[in-house]
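Participant: From first to last, the protein sequence lines stand for chains L and R. Numbering follows our numbering, in which position 127 of the first sequence is assigned residue number 173; successive positions increment by one, without gaps. Numbering follows our numbering, in which position 143 of the second sequence is assigned residue number 332; successive positions increment by one, without gaps.
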Amino acid sequence: MAILLNGIYGFFATIGFGIVFNVPRKDLTAGGFCGAIGWIAYYMIFTYLASDILATFSGAVLVSVLGELMARRLKKPATLYIIPGIIPLVPGAHSYQTLLAAIYENFSQAAALGFKTCLLALSIASAIFIVSALNRRIFK
Amino acid sequence: MAKRELLEVAMQAGEIILKSGGETYRVEETINKIGKAVGFHDIDSFVTPTGIIVTAHDATDNLYTMSKRIHNRTVNLERVAQVNEISRQFVAGKINVAEGQTQLQALENSPTYSYHLKLLGAGLAGGSSVLLFRGILSDAFVAFFITIMQQWLLHRGKFTDSPFLFSGIGGVITALLALLSVYAGVGSSLDLIIIGSIMPLVPGIAITNAVRDSLAGDLISGIARGAEAILIATSIAAGIGIILRLSLLRGGF
Numbered sequence: 047m048a049i050l051l052n053g054i055y056g057f058f059a060t061i062g063f064g065i066v067f068n069v070p071r072k073d074l075t076a077g078g079f080c081g082a083i084g085w086i087a088y089y090m091i092f093t094y095l096a097s098d099i100l101a102t103f104s105g106a107v108l109v110s111v112l113g114e115l116m117a118r119r120l121k122k123p124a125t126l127y128i129i130p131g132i133i134p135l136v137p138g139a140h141s142y143q144t145l146l147a148a149i150y151e152n153f154s155q156a157a158a159l160g161f162k163t164c165l166l167a168l169s170i171a172s173a174i175f176i177v178s179a180l181n182r183r184i185f186k
Numbered sequence: 190m191a192k193r194e195l196l197e198v199a200m201q202a203g204e205i206i207l208k209s210g211g212e213t214y215r216v217e218e219t220i221n222k223i224g225k226a227v228g229f230h231d232i233d234s235f236v237t238p239t240g241i242i243v244t245a246h247d248a249t250d251n252l253y254t255m256s257k258r259i260h261n262r263t264v265n266l267e268r269v270a271q272v273n274e275i276s277r278q279f280v281a282g283k284i285n286v287a288e289g290q291t292q293l294q295a296l297e298n299s300p301t302y303s304y305h306l307k308l309l310g311a312g313l314a315g316g317s318s319v320l321l322f323r324g325i326l327s328d329a330f331v332a333f334f335i336t337i338m339q340q341w342l343l344h345r346g347k348f349t350d351s352p353f354l355f356s357g358i359g360g361v362i363t364a365l366l367a368l369l370s371v372y373a374g375v376g377s378s379l380d381l382i383i384i385g386s387i388m389p390l391v392p393g394i395a396i397t398n399a400v401r402d403s404l405a406g407d408l409i410s411g412i413a414r415g416a417e418a419i420l421i422a423t424s425i426a427a428g429i430g431i432i433l434r435l436s437l438l439r440g441g442f
């Protein structure tokens, strides 16, 4: 139940970001679907394996694979589906906690959280990059 | 058509993609493909987030070059897709240069969503983010309204020309509204409301594109986008930080 609910939250969050980023109307639901699946993967891995970096990376890989598949199907650039889809995975909460630690002058905690934030961002970007590089290699 | 105009079409296509938040390699590829399709012998483009330089040879070995300074970039994925489609049709020979040019020009002023719908979209994004971070439903509604207010005020105040001012003021507005909502007893978790509501401001795309550009070998673009993303994130943080720090002085949470 929690998994299904999270999929729904992910779906709506992705559609919201899709509108903010001007994704064409026809492609909003396809993007929302990518975002929902990616978020479910994140949620399950985070809950059962308790690793947020692995969870973020896997979520981003799923979003990218689905995005590339949809791009192939609908003949549109894959970014249309990937960009809104990965936004729920972006470490917004971590960057906020980094800031909060800095405000309370816990600088060592801020540094640790900041490093974690960077790693999470890196894992998202590298997931997208790896998938698109593989996609190019396999299909071209 | 003059060679210069042909080069201009390629440049315009690239410019629109870059201004709409497309990746560096996509801009370069589009310019090079269109350039080859209009008959240049050899074409090379150098793209960074703040400018484009294109140089092309024609069959008689004349050299044409053009540069374009890019001042502002937003995210408009539909435009990226549209230019992609035009360039694809153009390269396939389905439309000619003049048609391509008019289609590209028509793109520059065609809004995808109305202003109100965009506000609603931002609200949806902010509210759903609270739920994603395991917040409760009432906080999600609070974040929904705060995000809409925040975007409305930012556009009302015309902060859109400077991304750093936009983000900084955005942080201040968000933190203030979130504090108010908790004081008023409507919101319960200050942290989650703030995190959710700032999501539409967070430079997620900039960070992702920065790393992607770097991994793809577009090092200058990667570093430039990374610097932009860090500055934007710092601006948001500074905006929120000032307000939270002030609230701490008053007793805080």
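Glycine included, C-beta positions come from ideal geometry on N, C-alpha and C.
Using 8 Å as the threshold, is the C-beta distance between P130(L) and G77(L) below it?
Facilitator: Taking 8 Å as the Cβ cut-off, P130(L) and G77(L) qualify as a contacting pair.
Participant: Can you give me the start and stop residues for the alpha helix (DSSP H) that T291(R) sits inside?
Facilitator: 286–297 is the span of the alpha helix (DSSP H), which, as asked, contains T291(R).
Participant: Any contact of the segment 166–178 of chain L with the segment 196–205 of chain R, i.e. 3+ C-beta pairs under 8 Å?
Facilitator: Flag = no, the segment 166–178 of chain L and the segment 196–205 of chain R do not touch.
Participant: Pairing CB atoms from the segment 301–316 of chain R with CB atoms from the segment 273–284 of chain R, are three or more of them under 8 Å?
Facilitator: The answer is no - the segment 273–284 of chain R does not touch the segment 301–316 of chain R, with fewer than three Cβ pairs under 8 Å.
Participant: How about T263(R) and P70(L): do their beta carbons lie closer than 8 Å?
Facilitator: Against a cut-off of 8 Å, the Cβ pair of P70(L) and T263(R) comes out as no contact.
Participant: How many Å lie between I54(L) and I232(R) at the Cα?
Facilitator: Going by the C-alpha atoms only, they are around 47 Å apart.
Participant: On the three-pair Cβ rule with 8 Å, is the segment 144–161 of chain L touching the segment 96–108 of chain L?
Facilitator: The segment 144–161 of chain L is not in contact with the segment 96–108 of chain L.
Participant: Could you say which of H260(R), L420(R), G289(R) lies nearest to N273(R) if we only look at CA atoms?
Facilitator: Nearest of H260(R), L420(R), G289(R) to N273(R), Cα basis: G289(R).
Participant: Let me know the alpha helix (DSSP H) ranges lying completely inside the segment 321–390 of chain R, each 4 residues or longer, listed in chain order.
Facilitator: Counting only runs of 4 or more, we get 326–345, 352–372, 379–387.
Participant: Below 8 Å on the Cβ atoms is my guess for I421(R) versus A399(R); work out the distance and round it to an integer in Å.
Facilitator: Actually they are not in contact, since the Cβ atoms of I421(R) and A399(R) sit about 11 Å apart, beyond 8 Å.
Participant: I want to know whether the segment 346–357 of chain R touches the segment 425–434 of chain R - three or more CB-CB distances under 8 Å.
Facilitator: Verdict: yes, contact present.
Participant: With a threshold of 8 Å between beta-carbons, can N68(L) be considered close to chain R, or not?
Facilitator: Closer than 8 Å: yes.
Participant: Between the Cα of T213(R) and the Cα atoms of A173(L), T125(L), V136(L), which residue gives the shortest distance?
Facilitator: When each option's Cα is compared against that of T213(R), the closest is T125(L).
Participant: Could you say which of C80(L), S169(L), P134(L) lies nearest to E114(L) if we only look at CA atoms?
Facilitator: Nearest of C80(L), S169(L), P134(L) to E114(L), Cα basis: C80(L).
Participant: Which residues in chain L sit within 7 Å of R401(R), going by Cβ to Cβ distance?
Facilitator: Simply A171, I174, F175.
Participant: Which residues in the same chain have their Cβ closer than 7 Å to the Cβ of I99(L), if we skip the five residues on either side of it in sequence?
Facilitator: So the qualifying residues of the chain are L165, L166, S169.
Participant: Looking at chain R, which residues of the segment 115–132 of chain L have a Cβ within less than 7 Å of any of its Cβ atoms?
Facilitator: Result list: K122, P123, T125, L126, I129, I132.
Participant: Alpha carbons only, please: which of A191(R), S410(R), P238(R) is nearest the one belonging to K208(R)?
Facilitator: Nearest C-alpha to K208(R): P238(R).
Participant: Spatial neighbours of D350(R) within its chain, please: C-beta separation below 8 Å, excluding the five flanking residues on both sides.
Facilitator: Same-chain partners within the cutoff: N261.
Participant: How many angstroms separate the CA atom of L252(R) from the CA atom of I128(L)?
Facilitator: Cα to Cα, the separation comes out at about 39 Å.
Participant: Using a C-beta cutoff of 8 Å, does A273(R) count as contacting chain L?
Facilitator: Strictly speaking, residue 273(R) in this sequence is Asn, with Ala absent from that position. Yes, because at least one Cβ of chain L sits closer than 8 Å to the Cβ of N273(R).
Participant: In the DSSP assignment, the beta strand (DSSP E) including V269(R) goes from what residue to what residue?
Facilitator: First-last for V269(R): 266–280, but that is the alpha helix (DSSP H), not the beta strand (DSSP E).
Participant: Any idea what DSSP makes of G211(R), helix, strand or coil?
Facilitator: In this structure, G211(R) counts as coil in the three-state DSSP scheme.
Participant: Just checking: is the beta-carbon of A422(R) within a distance shorter than 8 Å of some beta-carbon in chain L?
Facilitator: Output row for A422(R): interface = yes.
Participant: Would a C-beta distance cut-off of 8 Å place L196(R) and A270(R) closer than the cut-off?
Facilitator: Not a contact, by the Cβ cut-off of 8 Å.
Participant: What span of residues does the alpha helix (DSSP H) with R434(R) cover, start to end?
Facilitator: Taken as a continuous stretch (DSSP letters only), the alpha helix (DSSP H) holding R434(R) covers 408–438.
Participant: Exposed or buried, what is T75(L) when buried is set at 16 or more other beta-carbons lying within 10 Å of its beta-carbon?
Facilitator: Looking at its Cβ environment, which holds fewer than 16 other Cβ atoms inside 10 Å, T75(L) is exposed.
Participant: So who's on the other strand from L252(R), going by DSSP bridges?
Facilitator: Answer is H246(R).
Participant: Could you tell me whether the Cβ of D233(R) comes closer than 8 Å to any Cβ of chain L?
Facilitator: No, because no Cβ of chain L sits closer than 8 Å to the Cβ of D233(R).
Participant: If you draw a straight line from the alpha carbon of H344(R) to that of M255(R), how long is it in whole angstroms?
Facilitator: Cα-Cα distance, rounded: 34 Å.
Participant: Using DSSP with H/G/I as helix, E/B as strand and the rest coil, what is I241(R)?
Facilitator: It is a strand residue.
Participant: Helix, strand or coil, according to DSSP, for P319(R) in the structure here?
Facilitator: Strictly speaking, residue 319(R) in this sequence is Val, with Pro absent from that position. Three-state DSSP puts V319(R) in a helix.
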